[in-house]
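Position 79 of the sequence shown, counting from 1, maps to 66 under the working numbering, and the rest follow consecutively.
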Amino acid sequence: MRPFEQPPARTVFGHPAHFLAFGFGSGLSPVAPGTAGTLVAIPLYLLLEQLPLVGYIAVTLFAMVAGFWICGRSSALLGVHDHRGIVWDEIVGYFITMAAAPRGWAWVLAGFVLFRIFDVLKPWPANWADRQLHGGVGIVMDDVFAGIYALIVMQVAAHSGWF
-12 MRPFEQPPAR TVFGHPAHFL AFGFGSGLSP VAPGTAGTLV AIPLYLLLEQ
38 LPLVGYIAVT LFAMVAGFWI CGRSSALLGV HDHRGIVWDE IVGYFITMAA
88 APRGWAWVLA GFVLFRIFDV LKPWPANWAD RQLHGGVGIV MDDVFAGIYA
138 LIVMQVAAHS GWF
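In structure tokens, the structure reads:
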């Protein structure tokens, strides 16, 4: 399979690793699957934001570590490293972005935009992780770094009164 070739929906919905890696099907979007995957992260975040911060961080860390296997397995089954439809990493990156974010739709939207910007631009070390790390760890870690950058901007904005 080629990186831009979409697997059949029955493949994605027929295997648990693909189903999760493809963001419950959002990665099948023919346009901007990473953005579609990040959009799927929003309602999940809204459920998780009810948790105490320690619980939120625990779930996020679990999603990250599980993502190493989920994304790696899906990638191996497809025969393509970091297929563009694999968006579990975007979900994890958005969760990181939104850690300790103030509540409200302005923050949800700001986190979405900031994460997508950093995910696309891939400043160091995200670009290094994208090129040098392999398997599921490589797929997830560039988005972890993008999420950390977006988290920093969100926290600076929250504590400086920008919103």
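Cβ atoms here follow ideal geometry from the backbone N, Cα and C, with glycine treated the same way.
On a predicted model such as this, the values are computed, not experimentally measured, just so you know.
### Query
Where does residue 131 fall in DSSP's three states?
helix
### Query
In angstroms, rounded to a whole number, what distance separates the CA positions of residue 130 and residue 106?
6 Å
### Task
Whole angstroms is fine: what's the gap from residue 45's alpha carbon to residue 11's?
21 Å
### Host alpha helix (DSSP H) of residue 94 (start-end)
92 to 108
### Message
What residue range does the alpha helix (DSSP H) around residue 23 cover?
### Response
20 to 35
### Cα-Cα separation between residue 57 and residue 76, rounded to whole angstroms
10 Å
### Message
Restricting to Cα atoms, I'd like to know which of -1, -2, 21 is closest to residue 71.
### Response
21
### Sequence-distant residues of its chain with Cβ nearer than 8 Å to residue 26 (five each side left out)
13, 99
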